[in-house]
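> Input: one structure, supplied below.
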Amino acid sequence: MVGMSYDFDVALDDFESQVRSVYPRTGDGLLDFLVQQKIKDWDVSLCPRRSQAIGVQWIRNCKEFQRRDHLYRRNPQRGYRAPSRNQYAFYRGRARGYPRGRCRMRNFNQNKKLQIETGKEVVFESLEGLSTAVRPVSQEVISSGVRTDAQVSPGLANSPEVVVVTAAEASRKRKRPEDPSSETFEEEGLVPSVMDRRFDAPGFIDQHLMPGTEPFFYGCDVSFQAKSVYRALLRSAVVVRKAEPMMAQVGLLDKKLRHSQAEMVKLKEKLEAAEVAREKAVKSSEEAGAEILRLSEVETSLLSQLCEEQLKASNAGSQAAVLLGELEALKAEVAALKREKMELLADAKDAITATEETMKAQALVLAPGVDVSVMGAFKTVRDGQIADLE
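Our numbering numbers the first residue of the sequence shown as 39 and each following residue consecutively.
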């Protein structure tokens with residue numbers, strides 16, 4: 039089989055498909071690393087049996103990690119981190135106390151049994167595209183150093199590098215973590231997952247992918263891998279060198295962006311202050327306009343009242359002129375009446391005096407010797423005596 043011809047690129051594609059089928063969530067970087075580990079020696083294309091053995095070991099490691107990750111996600115109540123929200127209805131239902139999810143919904147992975155857990159067969163594909171099934175008699179652990187020629191296909195039974203892997207060997211249970219609040223997987227005893235923020239890729243490769251593969255690389259030439267790593271480093275250096283000016287521009291643009299954002303914040307603050315001042319000015323102008331409108335209405339009413347008062351004043355002036363004329367006429371009449379009164383008083387006094395003289399003369403005629411000096415027109419008889427009028 040050493041001299042047979044086969045396509046190395048096709049073999050690598052087959053290996054990638056195997057890794058993808060066993061662990062679909064494997065990233066591109068991890069897949070590249072697995073491929074580089076797969077082709078450590080360029081002469082591996084001339085040794086299909088060794089390639090098949092390596093493929094078996096790699097598939098075993100990947101399935102073991104898949105099984106542990108599956109257990110990691112199915113046991114959130116044993117100190118493991120539960121899956122994200124709205125991802126698995128079955129786990130979300132168990133957290134709320136439902137037996138099988140909300141409204142008895144079943145998880146799409148609930149009835150799916152891993153091939154490793156069945157313990158009936160382990161299938162691996164060689165780099166030539168051939169498939170071989172190994173059927174163990176029981177679920178007991180078969181050591182990786184023991185050969186089981188009766189259960190292996192005749193083509194691989196005579197190969198010293200072939201190692202039979204069973205599901206029971208990979209089903210060792212981990213102890214329950216005593217301290218779930220630890221920061222490392224080793225202290226917690228948890229199965230690492232690429233979805234965890236603490237996932238350590240180098241540690242994952244060393245602890246879960248590399249074990250059991252060292253004997254297959256003893257005495258192998260790693261020049262091809264060194265060349266591949268060198269080319270990868272050169273490509274990385276070129277990418278970094280090309281990206282440096284772009285990153286410098288990005289840094290400048292980031293500084294400009296931050297400066298612009300600071301300026302925008304200042305402008306927003308100024309705009310808000312101006313808006314507040316404008317609102318205050320608008321409010322004060324509205325108040326002033328209302329006051330002016332009120333004053334204009336008051337002025338209109340005052341002007342109308344002033345016109346009315348002026349009209350009344352003009353009427354009062356005309357009436358006063360008329361009254362003044364009448365007053366002058368009355369004054370003239372009063373003066374005339376006073377003159378008439380004076381004249382009447384003088385005439386009355388003369389008449390009274392003449393009447394007294396006549397009465398005194400008559401009294402002397404009637405009674406000569408009577409004192410007639412006490413007699414007068416303005417006197418009266420009181421208690422038998424003549425007295426003046428009060």
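Built from N, CA and C at the ideal position, the CB exists for glycine as well.
In this text the structure is predicted, and so the values were computed from the model without any measurement.
Measuring CB to CB, does G250 end up less than 9 Å from R98?
yes
> Nearest CA to the CA of V412: which residue from A351, P406, D426 and A286?
D426
> If you compare alpha carbons, which of R236, L109 and H246 is closest to C100?
H246
> Name the one or two DSSP bridge partners that A425 has.
Paired residue(s): T418.
> Grab the span of the alpha helix (DSSP H) containing V288 for me, first residue to last.
S261 to L404
> Report the three-state DSSP secondary structure of D409 (helix, strand or coil).
Three-state DSSP puts D409 in coil, outside helix and strand.
> Can you tell me whether DSSP reads D238 as helix, strand or coil?
coil
> For the stretch 384 to 397 against the stretch 414 to 426, are there 3 or more C-beta pairs whose distance is under 8 Å?
Contact between the stretch 384 to 397 and the stretch 414 to 426 is present, because at least three Cβ pairs lie under 8 Å.
> With H, G and I counted as helix, E and B as strand and the rest as coil, what does DSSP make of R214?
Confidence at R214 is low in this model, with a pLDDT of 44, below 50, so its placement is unreliable and the value that follows should be read with caution. Reduced to three states, the DSSP call for R214 is coil.
> What's the gap between the Cα of L402 and the Cα of L383?
28 Å
> Which same chain residues, not among the five before or five after V372, have their C-beta less than 8 Å away from its C-beta?
Within the same chain, no residue comes within 8 Å of V372 by CB-CB distance, once the 5 residues on both sides are set aside.
> Here's a check: name, in chain order, each residue in its chain whose Cβ is nearer than 8 Å to the Cβ of V408, leaving out the five neighbours to either side.
Cβ neighbours of V408 within its own chain (closer than 8 Å, five residues either side excluded): A401 and L402.
> Do F242 and F103 have their C-beta atoms within less than 9 Å of each other?
yes
> How should R106 be labelled, buried or exposed, when 16 other C-beta atoms within 10 angstroms of its C-beta is the threshold for buried?
buried
> So, at 8 Å on beta carbons, what are the nonlocal neighbours of E366 in its own chain, with the 5 sequence-adjacent residues on each side left out?
none
> CA-CA distance, L8 and N353?
There is no way to answer for residue 8, as the model of the chain reaches only from 39 to 428.
> Whole angstroms are fine: how far does the CA of K387 sit from the CA of Q433?
No statement about residue 433 is possible, as the shown extent of the chain runs from 39 to 428 and does not include it.
> So, with DSSP's three-state summary, where would you put T64?
Annotation note: pLDDT 49 at T64 (below 50); position unreliable, coordinate value reported separately. Reduced to three states, the DSSP call for T64 is coil.
> Just to confirm my understanding: we take K398, look at its own chain, exclude 5 residues before and 5 after, and list those with CB closer than 8 Å. What are they?
V410 and M413
> Can you give me the C-alpha to C-alpha distance between A389 and K369, rounded to a whole angstrom?
About 29 Å.
> Would you tell me roughly how many angstroms separate the C-alpha atoms of S356 and S334, rounded to the nearest one?
33 Å
> Can you grab the Cα-Cα spacing for the pair R420 / A359, in whole Å?
Distance from the CA of R420 to the CA of A359, rounded to the nearest whole angstrom, comes to 56 Å.
> Express the C-alpha separation of R332 and L295 in angstroms, rounding to a whole number.
54 Å
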